[in-house]
Amino acid sequence: MRIQNTELNNTLGNEDETGKGIRAANVPRDKLWVTSKLWNADHRPNEATAAIQKSIKDLGVGYLDLYLIHWPVAFVPGEGTKIDEDTTIIDTWRAMENIARSNLTRKIGISNFSRRDVETIMRICQICPYAHEFETHPYLQQQEFVDYHKDIGVKVIAYSPLANTNPVYRGNDKLDPILQDPFWVQLAQKKNATIAQTVLAWGHQRDTVIIPKSVSEKHMMENLRALDISFTEDEMRAIAKQDKKVRMNDPGRKWGLKLFADLDDPTQLDAEDGREL
Ligand SMILES: NC(=O)c1ccc[n+]([C@@H]2O[C@H](COP(=O)([O-])OP(=O)(O)OC[C@H]3O[C@@H](n4cnc5c(N)ncnc54)[C@H](OP(=O)(O)O)[C@@H]3O)[C@@H](O)[C@H]2O)c1
Numbered sequence: 074m075r076i077q078n079t080e081l082n083n084t085l086g087n088e089d090e091t092g093k094g095i096r097a098a099n100v101p102r103d104k105l106w107v108t109s110k111l112w113n114a115d116h117r118p119n120e121a122t123a124a125i126q127k128s129i130k131d132l133g134v135g136y137l138d139l140y141l142i143h144w145p146v147a148f149v150p151g152e153g154t155k156i157d158e159d160t161t162i163i164d165t166w167r168a169m170e171n172i173a174r175s176n177l178t179r180k181i182g183i184s185n186f187s188r189r190d191v192e193t194i195m196r197i198c199q200i201c202p203y204a205h206e207f208e209t210h211p212y213l214q215q216q217e218f219v220d221y222h223k224d225i226g227v228k229v230i231a232y233s234p235l236a237n238t239n240p241v242y243r244g245n246d247k248l249d250p251i252l253q254d255p256f257w258v259q260l261a262q263k264k265n266a267t268i269a270q271t272v273l274a275w276g277h278q279r280d281t282v283i284i285p286k287s288v289s290e291k292h293m294m295e296n297l298r299a300l301d302i303s304f305t306e307d308e309m310r311a312i313a314k315q316d317k318k319v320r321m322n323d324p325g326r327k328w329g330l331k332l333f334a335d336l337d338d339p340t341q342l343d344a345e346d347g348r349e350l
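Residue 268 in our numbering sits at position 195 of the sequence shown, with consecutive numbering throughout.
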């Protein structure tokens, strides 16, 4: 398992602060793995280069290990969520390749792409994605999509690996919190582990890079011990049956776009004026 020490997003404005933490920790640069993402308003090639340069400067790290296109959606710079019809994901991928060639980042990748979007990038890439970061957990397993990435040699980074645990998702679904789900409670008891450890161990066993987030040192240490748990084939089959095909993170409605169109739980728009990407 790769531990992503920092999972950053310049739109949250947390890179400055994280840079201070990195400097204070005084850890050699090559012992850190730093991922950041390119925001939608920075998809045009010049904006993309300026965005990663700002991230690197704010973080004080010299280079990134991985830089991801956050969403396959371009906004017109400075105009909120207005869709930039002139900038395609191919234009942005070319910019990402140039960024990699300039050694601003060791690897490049994508996030929240549909299967069709991934196929587009795989068709045209000269430097191909190292990883695709998308939402996947026991309630949104997307096993076929995960297997597809294995076939094409792109690592899957599983975000929100604890499903609906992050309070920002409260009310997005009608499911019980996974940490109280009787199936997982029972499996955790059998494994003599906590429920969080058991859920994370499943993500690890299916070969996804799990990036649980925690502000608590106790939880971080607890989560690391997920690496000691494994499941039998029968247990993996039982977990597969627990898939609820429910997505927690979907800004598509807000943006008037049908995201994840060929995946489980795509964006549902009320009005006809939204469009498929
Ligand atoms: N690419 C994207 O578009 C995208 C979208 C969403 C998220 N992400 C990334 O994915 C990572 C994680 O996502 P996430 O925060 O949505 O989901 P998550 O890691 O599945 O859940 C985080 C929540 O779980 C709690 N938690 C962690 N360990 C726990 C434990 N052992 N026991 C009980 N509660 C525990 C945390 O609370 P405490 O802090 O109190 O421990 C926090 O509320 C982040 O790095 C985030 O940046 C990426």
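Backbone N, C-alpha and C define an ideal beta-carbon position, used for all residues, glycine too. Since the structure is predicted, the reported quantities are computational estimates derived from the model, not experimental observations.
{"query": "Beta-carbon separation (whole angstroms), D138 vs T91, contact threshold 8 angstroms", "result": "So it is not a contact: roughly 14 angstroms between Cβ atoms."}
{"query": "Rounded Cβ spacing between I172 and I181 (contact assumed at less than 8 angstroms)", "result": "7 angstroms"}
{"query": "Beta strand (DSSP E) segments (min. 3 residues) lying fully within the segment 134-163", "result": "137-142"}
{"query": "Residues that DSSP places opposite L273 in a beta bridge", "result": "Paired residues: none, contrary to the question."}
{"query": "Any non-hydrogen atom of ligand 1 closer than 7 angstroms to I284 Cβ", "result": "yes"}
{"query": "H143 Cβ short of 7 angstroms to ligand 1 heavy atom set", "result": "yes"}
{"query": "Distance, D301 Cα to I268 Cα", "result": "14 angstroms"}
{"query": "Beta-carbon gap between P285 and L235 smaller than 8 angstroms", "result": "yes"}
{"query": "Any non-hydrogen atom of ligand 1 closer than 7 angstroms to S289 Cβ", "result": "yes"}
{"query": "Terminal residues of the beta strand (DSSP E) in which R188 lies", "result": "Element bounds for R188: not the beta strand (DSSP E) but the alpha helix (DSSP H), 188-197."}
{"query": "For A204, the first and last residue of its enclosing beta strand (DSSP E)", "result": "204-208"}
{"query": "CB of L342 within 8 angstroms of CB of K331, strictly", "result": "yes"}
{"query": "Option in W275, V219, I283, Q253 with minimal Cα separation from E306", "result": "W275"}
{"query": "Segments assigned alpha helix (DSSP H), at least 4 residues, entirely inside the segment 263-329", "result": "268-278, 290-297, 306-313, 325-328"}
{"query": "Contacting residues, own chain, Cβ-Cβ under 7 angstroms from D131 (five flanking each side not counted)", "result": "E88, D89, G92"}
{"query": "Start and end residues, beta strand (DSSP E) containing A231", "result": "228-232"}
{"query": "Rounded C-alpha distance that separates E170 from H205", "result": "15 angstroms"}
{"query": "CA nearest to the CA of D249, picked from E158, K223, Q315, S128", "result": "Q315"}
{"query": "Paired residues, beta bridge with G244 - DSSP", "result": "In the DSSP output, where bridge partners are listed per residue, G244 has none listed."}
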